[in-house]
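First the structure, in the form of structure tokens, and then the observations on it.
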Amino acid sequence: MSAPGILIAAARSGSGKTTLALGLMRALTRRGMRVTAVKCGPDYIDPAFHAAATGHEGINLDSWAMEPGLIAALAAKAGAEADIIIAEGAMGLFDGAPEGAAGTGASADIAALLGWPVLLAHDASGQAQTAGAVIRGLASHDPRVKIAGVVANRLGSDRHRRLVAESVAALGLALFGALPRNDAVKLPERHLGLVQAGETEGLDARLNALADFVEAHVDVAAIVKAAASAPAVFDASAAPKPPAQRIAVARDAAFSFFYPHHAQSWRAQGAELVFFSPLADAPPPNDADLCWLPGGYPELHAGALAQAENFLSGLRRFAQTKPIHGECGGYMVLGRVLTDADGRAHRMAGLLELETSFASRKLHLGYRIATLAAEDHCLGPKGRVLRGHEFHYATVTREHGDAFALARDPYSSAQSPAGLRAGSVSGTFFHVIS
């Protein structure tokens, strides 16, 4: 039997979805419920906070990159191990992109596919009765999507709360709660979003404070009652195939952007994952079949990585006989030079003819469709199409060699080289989702 689920969404980014989601997850966990968290869309940072709030790893669901069967399979597995699923949406409820595998990538697609009702986190700052008009539009926009109710956020007074509550009641929707303005519960941020969960000081106390905040102003029991079960369907064939049998995965503060659904799916199909820390100067284990360098924040740790001789020399030895693949930050470390925010150049592994800089920043963000250009790559044969995304501020100052893939965004038909490959080593700014 699949656990009931509810999806927290909003009209736009910055409306308080994460505050409500984390507070609700921790509040329910403290009540003794097994909570599985879901993040809609391509996001590495929020799921780590979800895991800290619930006590175990969650998953990402993305209707642009994932086929319906994979979404159903991952949701079913998550529901089999929980009492309730709390999903956090991305951006606005209906924001997405063309050419999706199961939809546009919008949070609304996940709610519709899985039958989860939507809990709207609505930022009512700077408005009163207009809140009802905005919520009416969201509630009526797509008949596939059921709005369970609203939690109003950033309210300034009892009068403000009353006016918003009246506008919501006029729509026939439940107002599950009203959160007053409270900067004390904000989590620290940096250039790619929240500071990572593992680096946030006093995280457990912060999560408990969020739970206390939500408990004080939200009818948590009513939200649980409003959740609905998704169809209990599991299709193991839909899961991403492991790229090797024994996979060495870099994991620490510099390399943390690794999707939980990849780890779960690869293990379920018999692969073994061995984690190691480049910041602790650990090389990839010699008995691994593949070394995977995820994205993360190597630009914030470039000096330490440049001094990690055991890691760098071990990486070079590994590359002589076995494949290495780097995504985003991992790609930068496979290059020759990484320049930090202060303009200091740091020597990296030198396995690819690549130089990158964080001193000259430009945002690269969006979904990508990539076609493998490399023969017999660990991710598949030449010509295989991968779906994923880019999200980084680093710029390329030198990139020379054979392309790892040809990629384009969903709004263009023009392909361009993405990443590099040299022998058994490959890398790209492209993060694979499925």
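At position 38 of the sequence shown (counting the first as 1) the number is 187 in the working numbering, and the numbers step up by one without a gap. All C-beta atoms, glycine included, are put in the ideal place defined by N, C-alpha and C. Values in this document were obtained by computation on a predicted structure and should not be read as measured data.
{"Asked": "Exposure label - Pro-292; buried when at least 16 CB within 10 Å", "Found": "exposed"}
{"Asked": "Exposure of Gln-345, with buried meaning 16 or more beta-carbon neighbours within 10 Å", "Found": "buried"}
{"Asked": "Touching by the beta-carbon criterion (3+ pairs, under 8 Å), the region 161–169 and the region 209–218", "Found": "no"}
{"Asked": "Which listed residue (Pro-247, Tyr-560, Glu-476) has its alpha carbon closest to that of Phe-406", "Found": "Glu-476"}
{"Asked": "Environment of Ser-506 [buried if 16+ CB atoms lie within 10 Å]", "Found": "buried"}
{"Asked": "Closer than 8 Å to chain C by CB, Glu-524", "Found": "In the displayed structure, chain C is absent; only one protein chain is listed."}
{"Asked": "Bounding residues of the beta strand (DSSP E) (the contiguous stretch that carries Asn-588)", "Found": "Past the boundaries of the shown model lies residue 588; the chain is included only from 150 to 583, so the question cannot be answered."}
{"Asked": "Assigned secondary structure, Phe-383 (DSSP; H/G/I helix, E/B strand, else coil)", "Found": "A caution first: Phe-383 carries a pLDDT of 49, below 50, which makes its placement in the model too unreliable to give a value."}
{"Asked": "Burial state of Ala-365, where buried means 16 or more other Cβ atoms lie within 10 Å", "Found": "exposed"}
{"Asked": "Environment of Ala-333 [buried if 16+ CB atoms lie within 10 Å]", "Found": "exposed"}
{"Asked": "DSSP beta-bridge partners of Ala-126", "Found": "Because the chain in this structure spans residues 150 to 583, residue 126 falls outside the shown range and cannot be described."}
{"Asked": "CB contact flag (Ala-437, Arg-395, <8 Å)", "Found": "yes"}
{"Asked": "Buried versus exposed, by CB contacts within 10 Å (16 or more), Leu-514", "Found": "exposed"}
{"Asked": "Reduced DSSP secondary structure (H/G/I, E/B, other) of Ser-378", "Found": "strand"}
{"Asked": "Contact under 8 Å by Cβ, His-271 with Ala-282", "Found": "no"}
{"Asked": "Cα-Cα separation, Ser-462 to Ala-431", "Found": "10 Å"}
{"Asked": "Boundaries (first-last residue) of the alpha helix (DSSP H) holding Trp-415", "Found": "409–417"}
{"Asked": "Neighbour-count burial assignment, Arg-547, 16 or more Cβ in a 10 Å radius", "Found": "exposed"}
{"Asked": "N-terminal and C-terminal residue of the beta strand (DSSP E) that Leu-268 is part of", "Found": "267–272"}
{"Asked": "Which listed residue (Ala-227, Pro-433, Arg-308, Ala-417) has its alpha carbon closest to that of Val-590", "Found": "Since the displayed the chain opens at 150 and closes at 583, residue 590 lies outside it and no answer follows."}
{"Asked": "Span of the alpha helix (DSSP H), counted from its first residue to its last, around Thr-203", "Found": "194–203"}
{"Asked": "CA-to-CA distance, Gly-499 to Val-369, given in whole angstroms", "Found": "53 Å"}
{"Asked": "Identity of the residue in Thr-488, His-495, Gly-576 nearest Leu-501 by Cα", "Found": "Gly-576"}
{"Asked": "DSSP beta-bridge partners of Asp-548", "Found": "The sequence as given places Glu at residue 548; Asp does not occur at that position. Paired residue(s): Leu-503."}
{"Asked": "Member of Asn-459, Lys-471, Ala-277 whose CA lies at the smallest distance from the CA of His-526", "Found": "Lys-471"}
{"Asked": "Run of the beta strand (DSSP E) containing Arg-557, from where it starts to where it stops", "Found": "554–557"}
{"Asked": "Neighbourhood of Pro-217 by C-beta, 7 Å cutoff - its chain only, sequence neighbours within 5 removed", "Found": "Ala-251, Leu-262"}
{"Asked": "With 16 other Cβ atoms within 10 Å as the buried cut-off, status of Val-561", "Found": "Checking the sequence shown, residue 561 turns out to be Ser, not Val. It counts as exposed."}
{"Asked": "Cutoff 7 Å; reference Ala-246; Cβ partners in own chain excluding five residues on either side", "Found": "Trp-213, Thr-253, Gly-254, Tyr-516, Pro-559"}
{"Asked": "Span of the beta strand (DSSP E) around Glu-237", "Found": "233–237"}
{"Asked": "Residues bridged to Asn-209 [DSSP beta-bridge criterion]", "Found": "Lys-188"}
{"Asked": "Backbone secondary structure at Arg-570 - three-state DSSP", "Found": "strand"}
{"Asked": "Ile-155 versus Pro-266 - alpha carbon distance", "Found": "5 Å"}
{"Asked": "Exposure of Arg-493, with buried meaning 16 or more beta-carbon neighbours within 10 Å", "Found": "exposed"}
{"Asked": "Contacting residues, own chain, Cβ-Cβ under 6 Å from Ala-571 (five flanking each side not counted)", "Found": "Leu-501, Gly-550"}
{"Asked": "Spatial neighbours of Ala-137 in its chain, beta-carbon cut-off 6 Å, leaving aside the 5 residues before and after", "Found": "Outside the shown range of the chain (150 to 583) lies residue 137, about which nothing can therefore be said."}
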